[in-house]
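Protein chains in written order, with UniProt numbering: chain A, 1 to 1077; chain B, 1 to 215. For every residue, glycine included, the Cβ atom is placed at its ideal position computed from N, Cα and C. Heads up: the structure comes next, in structure tokens.
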């Protein structure tokens, strides 16, 4: 609108005219109201009723009508339909159907416009197109319904925290500073863990029923206001009141008039969260260390680590005592006869505690046994008054639509009916409920208020986090007494590979299960159910039959009959969304699913998921019980009580959250390169204040990702990156409801350490390790003055503190740097090792070396002498990768200044051979399923590491106390400046090697595995980052040729998948997509 | 490993600008921006190239590169882009030379003077020759341009390099201006990578962005 002066004048004149007309119109009509006060509409295009009519209605009911659209003043745009271009133009504005106005007038109040929106801000229609956030998870192979995002080591209790319900009024009366938000997000997750029920009630209640029940339970309005206990699973109160919060709340509520008080409490609590942000930098880490629900959700990692530890301990000790196993043996010995007959090939046991939270909660309260009991934060009252700004029925409807029925029903009648009944029910979620409660229709994840209506006898039990941990640890200890082949699924769910145990002891699975259950029962006072089967899937399915407090062994001959009648949704990974998709295909039971062909499934759900479904519905599952897991991402997120008012608050929050991520990365000893910022933004038109206090309400989930130049674990770097991302998203900080930071593409010591172990056994041990001790013992005296040090020259252009140009002072200082190297040496290709001068190397050490290595070292000396330079770098070139940048270790000595260098281009001994052998053995073998062949090739690098570390240890003096005993801090710079390696696919850098690799892959394998495809995508992405589009182009063209030629259609799908992914990255980096001829 | 010295950077800039001049001429020839009559066959990097004989055009290209050079010296130029535009001055094709520093100077060149050694230079020459050859055959992968095209050179600088450029501009009386959105923006570009080189002194890649609908 140029020529602002005239237009401005005209607009204001029209406004005045409208104001003048309004009273006249009202007068004429008689019936008027102020429903629309604060609403200013602009009518776009043809509407029903017409713009004139709408104008009149707005006059009558206190609204404003704009003839010209103004982004700042117009609150709603009214339209019946809009052309695409206008939709684009009005992106982010509220465009609403005119029925909103007429219906609001009919209803006599301003209806929420959410359901009248013409379209949502995000692509897709608002309601019908909604999908669960978990879809991607469901598609995965994971047998956990939801994988936890937030992972953290298991922290043992630092302080005892009590579960108490903080009353809202109390917080408004001065204690709000102490209330700390709790991630509501971790609650549903832990709920998902304990049982596979839905987050929300499935059947919408008929209003009559609701009415009856609510009348029964809450006859007087007084009790209504009394029961205003907000859902606050608060993490920490340091205030004195918290211990007697319950009593305080009752005294307070009596005197509380509702709406205004609630209003002020809302603003003050939002202020308080802001204050907290500013006051305490450690808020987030505090929140996490206090949030017990969060801790529960992180326990799985903790228990996994516990199992890992068991394994490593056993390795060290050479054997462990298995108390349970011994007992089993005795049992077998007692009744020697019948046990021999059983011969089970493979047996997986799935141990699942029966309604864990409940049984732990009531194990010392026998009076509650056999009664309907639910674990929730709510203290028995089911009703809370509505806070201003909150609009529970809208959310209720939203969730109901989202989760249960895809059919839109007439919104207005439903809304008004819902309004009376559910608006004020307590929205504390039920984390777990007993079987008695389940019989009454109560489900996990249901809101407590609703559950109480279904089952008036329902007793609530508070959370008891200490007890959960105690019982869970107990259970793990019991199981570890039988075997160490355990996979921790959660705090109350474990998979055991019982095959070897059963064979060893000669007992049948049922006896084992019986023994385990009796043990758990005795030591924890809680019941566990055990399902058994020949694979993980069957074991889990058997558990369903075993529950409650039972056991079931699904014999292989029964599998077919058993599985045929199971509903598809009982298969792991088939959630409501996929269930609906399958139902649309006419598939309800596994038997139906068996009729669908593999290709059809793959077409519909993707190659991987399709195959999984195909196998699952036949009871096939080849996943092994994994007791060691590799981490893929580290993240921290919060979506409770996020209410920012200013941009710098959000920034400050992000910085704090980044520090939390840093903490976690460092705890895990990892660094990552890809940083993702995930935000939840209030959905356009959703109520400003969600029904659940501090909750996130209805949100859009957005995510942005950035690649860092190098891997980092620095919170500062992450913070800068995510703040940039946040700004790039151009959001209103006020609308943020949840923030999460995730770091991916991790590299670190964990996985490398494991790989090293494996490799050590295979090759290097024979090569070097065996000779090392003798070399050491022979030469104590001469080793004294020998020095060793290592540096990791950085491949980046940044100056490096330990660059070879600098004289390296001492031994002891440098040594840790070497110890550090295996941590991030995945990426290295060549080694250059500085060789000590002849005088410093003990002859016998040298002799202990393999012949070729010795030759190289000796050669380096002769060359050095010839040049009269102290060059001590030995570049071990690995065949097949001639032009890769080499760097890893150096062994300088301080007696001589160093400078020039020499290179030995001889293929290092066994190394070359070992490597080749290794490659042949593992490269893309179609036989091996389960682990990715491409991934295995990474082992080569690790091999190199192990090799180099042994080289170093050979030259190292172990007797010198200064070298062997002191390990000062690792220089930070070494860990932080990690060189970016040249992009490589399974260790291959050279174009021809990669082509060979790809060709082998495509020709020898009929079905590509996801990991491999992702490896290729990763490689392509690396090429883009490395700005090597030419090679990318060549490789894409090559893949296109060989993959589309392949007879298997899966390969063309794989190519399309790769190409799509690459195009997305190219688009991000260059703003355009590759032209594929 | 170390960074390049200033002296070496200026040498790198020399090499690159020389190459860019040849490349621009060749692009104009291959993409038929000017009639082939104004071009003459010469030899550069041991391969035949086409150079314009039009004095004004040559001067324009030289002036342009004269201003680009200090940017390359300071490692301020991220991309040098030859844009071919249609009659309406909407870009139809972009030849993007993306220049960055080599990942690290390998140990072989730890002595500053070694960079002048002949093997390195001949290696770089080989790499540049590959670029030239790719440009001369790029019409095979590109669609024909509409008639009446013109060209311009854009430089994408890192950060606020433009301020430092002003001095040079004043001296040369050859001002640079911030590019119009219209000249930079291209509808539905398709990317065709042509060549990437990684040498010890410079890392460069050339790709073409082409408008999907050229006419």
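According to DSSP, which residues form a beta bridge with residue i?
i: residue 65 of chain A; result: A:41
i: residue 207 of chain B; result: B:96, B:193
i: residue 1073 of chain A; result: B:190
i: residue 740 of chain A; result: A:637, A:678
i: residue 696 of chain A; result: In DSSP, residue 696 of chain A forms no bridge with anything.
i: residue 147 of chain B; result: According to DSSP, residue 147 of chain B bridges with nothing at all.
i: residue 48 of chain B; result: B:43
i: residue 701 of chain A; result: A:680
i: residue 154 of chain B; result: B:81
At which residues does the alpha helix (DSSP H) containing residue i begin and terminate?
i: residue 517 of chain A; result: 509 to 524
i: residue 1139 of chain A; result: Given a span of 1 to 1077 for chain A in the structure shown, any question on residue 1139 of chain A remains unanswerable.
i: residue 464 of chain A; result: It is not in any alpha helix (DSSP H) - residue 464 of chain A carries neither H nor E in the DSSP assignment.
i: residue 362 of chain A; result: No alpha helix (DSSP H) holds residue 362 of chain A; DSSP gives it neither H nor E.
i: residue 33 of chain B; result: No alpha helix (DSSP H) contains residue 33 of chain B, which DSSP labels as neither H nor E.
i: residue 60 of chain A; result: 51 to 60
i: residue 558 of chain A; result: 556 to 564
i: residue 727 of chain A; result: 715 to 729
i: residue 551 of chain A; result: Here residue 551 of chain A belongs to no alpha helix (DSSP H); instead the beta strand (DSSP E) covers 551 to 553.
When the distance is taken between beta carbons, is residue j closer than 8 Å to residue i?
i: residue 1153 of chain A; j: residue 191 of chain B; result: Nothing about residue 1153 of chain A can be reported from this structure: the residues present for chain A run from 1 to 1077 only.
i: residue 709 of chain A; j: residue 677 of chain A; result: no
i: residue 31 of chain B; j: residue 145 of chain B; result: yes
i: residue 54 of chain A; j: residue 35 of chain A; result: no
i: residue 697 of chain A; j: residue 737 of chain A; result: yes
i: residue 479 of chain A; j: residue 516 of chain A; result: yes
i: residue 551 of chain A; j: residue 503 of chain A; result: no
i: residue 675 of chain A; j: residue 739 of chain A; result: no
i: residue 193 of chain B; j: residue 1029 of chain A; result: yes
i: residue 1016 of chain A; j: residue 1058 of chain A; result: yes
i: residue 538 of chain A; j: residue 559 of chain A; result: yes
i: residue 618 of chain A; j: residue 595 of chain A; result: no
Of all the options the options, which has the alpha carbon lying nearest to the alpha carbon of residue i?
i: residue 553 of chain A; options: A:533, A:524, A:505; result: A:533
i: residue 1056 of chain A; options: A:1040, A:1046, A:1047; result: A:1040
i: residue 80 of chain B; options: B:7, B:181, B:21, B:150; result: B:21
i: residue 477 of chain A; options: A:620, A:565, A:324, A:513; result: A:324
i: residue 1094 of chain A; options: A:1025, A:539, A:645, A:591; result: With chain A covering only 1 through 1077, there is no way to say anything about residue 1094 of chain A.
i: residue 208 of chain B; options: B:49, B:135, B:202; result: B:135
i: residue 46 of chain B; options: B:132, B:55, B:96; result: B:132
i: residue 459 of chain A; options: A:333, A:745, A:990, A:436; result: A:436
i: residue 214 of chain B; options: B:129, B:130, B:66, B:94; result: B:94
i: residue 333 of chain A; options: A:1048, A:507, A:687, A:99; result: A:507
i: residue 444 of chain A; options: A:21, A:648, A:430, A:453; result: A:430
i: residue 521 of chain A; options: A:1049, A:354, A:681, A:111; result: A:354
i: residue 432 of chain A; options: A:373, A:487, A:485, A:483; result: A:373
Considering just the uninterrupted stretch of the beta strand (DSSP E) at residue i, what are its terminal residues?
i: residue 353 of chain A; result: 348 to 353
i: residue 531 of chain A; result: 528 to 533
i: residue 497 of chain A; result: 493 to 497
i: residue 78 of chain A; result: 76 to 78
i: residue 78 of chain B; result: 77 to 85
i: residue 375 of chain A; result: 373 to 375
Could you check whether the Cβ of residue i sits closer than 7 Å to any heavy atom belonging to the ligand ADP?
i: residue 150 of chain B; result: Absence of the ligand ADP is noted for the structure shown, with no ligands found whatsoever.
request  = Would you list, in sequence order, the uninterrupted beta strand (DSSP E) runs of no fewer than 3 residues that lie entirely inside the region 656 to 694 of chain A?
outcome  = 670 to 682
ask   = Along the chain, which unbroken stretches of the beta strand (DSSP E) at least 3 residues long are found entirely within the region 465 to 490 of chain A?
value = 486 to 490
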